[in-house]
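Colleague:
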Amino acid sequence: MIYLILIFFLLILMLGAAVYAVVQKDLLYAVIATGVISLVLTAIFYMLQAPDVALTEAAIGVALTTIIFLITIRNTKRYEDDYNKKDNLKSPLK
Amino acid sequence: MKKFLVILILAVLGFHLFAAFSGLGFGVTRFEKGVKDFYLEKTVSELHVANTVTSIVVNFRGFDTLGEVTVLFLAVSAMGGILYKRRHHAGDRSVLFSSSSIVRSGSKLLFPAIILLGVYIFIHGHLSPGGGFQGGAIIATGFLLMLIAYENFSVSHNTLSYIESFAGIFFVVIGLLGFMNGGTFLQNFLPAGILNNLFSGGVIGIIYVMVGFKVAAELTGLIYTILHEKD
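Top line first, the protein sequences correspond to chains A and B. In terms of this note's numbering, the first sequence is numbered consecutively and its last residue is 107. In terms of this note's numbering, the second sequence is numbered consecutively and its last residue is 337.
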């Protein structure tokens, strides 16, 4: 029973992070949210007795993809629209 | 003349591919009850491998793994080809932010442990969860940590490509040795050993070590190329 509750909690957390990543205008936060999706997915894979897939997801999804997106954001721009260009200049990544 | 030659080679290749594939009956059920029972039974009784996933991925479906590794190789090569022009400016790296001393000492402390974990995972691929791809990805994560923490930490691109090429060639050579000894590509020709021992499962251990080296070199090279891309 507690297993079922935990897995539902993780699924809701994953869904929330996914919605946040889509809605968020600040791309840095959106990338971190996609990293959270991968992290929660790792736990779900482990609970569903697929440790091989969980290891891959942890290494590729959480670390490598997030960092590649971060480098991409650093080389392009941080915000989705051009409204807050002043903040764009002040961002710590620039 | 050159074009004519290319067309001729393509025609010969096409003819033989068609001849090979025209005999296959697509959509015909060839297995009455599926192959899962076969895999589950043979993994322990014949191959003496503790991890069924590994035995399917490397032994029964080893050719698919070779294709998977080739896909990764092509993707990384294409990436390097696109970003090739800018790599000649040696020394300038797009630094995310200058790292603090905590990050520097922490990553220096963690780096050997991460490498050890990755090596452990791909050496014990046939005993515990994980394998070549997972171990290689973890090793690449360790190099990523060092590349981000230290601005002047660098890896040799030539060494990486030598490791990658050697591992890929070795994988294919082991597959071809199966032709000479057993009869099919990637057939197991080494003794199966004792279940749950490190030296068990025949060629699975060797192939997974090679896959681990290959994936680690490819992903490290990928990150290195992206970090040095600057405009």
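Glycine is no exception: its CB is placed at the ideal position from the N, C-alpha and C atoms.
1. Go ahead and label Phe285 (chain B) buried or exposed: buried means 16 or more other beta carbons lie within 10 angstroms of its beta carbon, across all protein chains shown.
2. Sorted by chain position, which residues of the same chain lie with C-beta nearer than 6 Å to Ala273 (chain B)'s C-beta, five sequence neighbours on each side aside?
3. Using a Cβ cut-off of 8 Å, which residues of the stretch 222-255 of chain B contact any Cβ in chain A, in chain order?
4. Checking contacts by CB at 7 Å: is Ile313 (chain B) closer than that to chain A?
5. Taking the C-alpha atoms as reference points, what is the distance between Gly120 (chain B) and Leu68 (chain A)?
6. Is the stretch 161-172 of chain B touching the stretch 291-299 of chain B, taking contact as three or more C-beta pairs under 8 Å?
7. Between the Cα of Gly307 (chain B) and those of B:Val112, B:Phe124, B:Val141, B:Ile162, spot the shortest distance and give me the residue it belongs to.
8. For the alpha helix (DSSP H) that Val278 (chain B) lies in, which residues bound it at each end?
9. Please report the straight-line C-alpha distance between Lys107 (chain A) and Ala322 (chain B), rounded to a whole angstrom.
10. Using a C-beta to C-beta distance shorter than 7 Å, which residues of chain B count as neighbours of Ala76 (chain A)?
11. Residues of chain B with CB under 7 Å from Thr69 (chain A), in chain order?
12. Could you list which residues in chain B have their beta carbon closer than 7 Å to that of Asp39 (chain A), in chain order?
13. Run down chain A in chain order and give the residues with a C-beta less than 8 Å from the C-beta of Leu333 (chain B).
14. If you follow the alpha helix (DSSP H) that Asp143 (chain B) is part of, which residue opens it and which one closes it?
15. Determine whether the beta carbon atoms of Ala71 (chain A) and Ile50 (chain A) lie at a separation below 7 Å.
16. Under 7 Å Cβ-Cβ, which residues of chain B neighbour Ala72 (chain A)?
Modeller: On the basis of the coordinates in this document:
1. Position 179 of the second sequence holds residue 285 (chain B). Looking at its Cβ environment, which holds fewer than 16 other Cβ atoms inside 10 Å, Phe285 (chain B) is exposed.
2. On the second sequence, position 167 is the one that residue 273 (chain B) refers to. Result list for Ala273 (chain B): Met316, Phe319, Lys320, in chain order.
3. Ile227, Pro235, Gly236, Gly237, Phe239, Gln240, Ala243, Ile244, Ala246, Thr247, Leu250, Ile254
4. Along the second sequence, one-based indexing puts residue 313 (chain B) at 207. Taking Cβ atoms only, chain A never reaches closer than 7 Å to Ile313 (chain B), which makes this a no.
5. As a position in the second sequence, residue 120 (chain B) is number 14, starting the count at 1. As a position in the first sequence, residue 68 (chain A) is number 55, starting the count at 1. If you take the alpha carbons of Gly120 (chain B) and Leu68 (chain A), they lie about 40 Å apart.
6. yes
7. Along the second sequence, read from residue 1 onward, the residue named residue 307 (chain B) stands at position 201. Closest option to Gly307 (chain B), Cα to Cα, is B:Ile162.
8. Working through the second sequence from its first residue, we reach residue 278 (chain B) at position 172. From DSSP, the alpha helix (DSSP H) with Val278 (chain B) extends over 263-287.
9. For this step, residue 107 (chain A) is matched to residue 94 along the first sequence. For this step, residue 322 (chain B) is matched to residue 216 along the second sequence. Here the model assigns Lys107 (chain A) a pLDDT of 45, short of 50, so the residue's position is not dependable, and the following value carries that caveat. Those two C-alpha atoms are separated by around 30 Å.
10. Position 63 of the first sequence holds residue 76 (chain A). Correct list: Thr247, Leu250.
11. Along the first sequence, read from residue 1 onward, the residue named residue 69 (chain A) stands at position 56. Going along chain B in sequence order, the residues near Thr69 (chain A) (Cβ under 7 Å) are Phe239, Gln240, Ala243.
12. Looking up residue 39 (chain A) in the first sequence gives position 26. Result: empty, since nearest Cβ-Cβ is about 16 Å, beyond 7 Å.
13. To locate residue 333 (chain B), count along the second sequence from 1; it is residue 227. What Leu333 (chain B) touches in chain A: Ile84.
14. As a position in the second sequence, residue 143 (chain B) is number 37, starting the count at 1. It spans 142-148 - the alpha helix (DSSP H) in which Asp143 (chain B) sits, taken as one unbroken run.
15. Your numbering for residue 71 (chain A) matches position 58 in the first sequence. Your numbering for residue 50 (chain A) matches position 37 in the first sequence. No, Cβ-Cβ distance for Ala71 (chain A) and Ile50 (chain A) is not below 7 Å.
16. Locating residue 72 (chain A) in the first sequence gives position 59, where the first residue counts as 1. Per Cβ cutoff of 7 Å: Gln240, Ala243, Ile244, Thr247.
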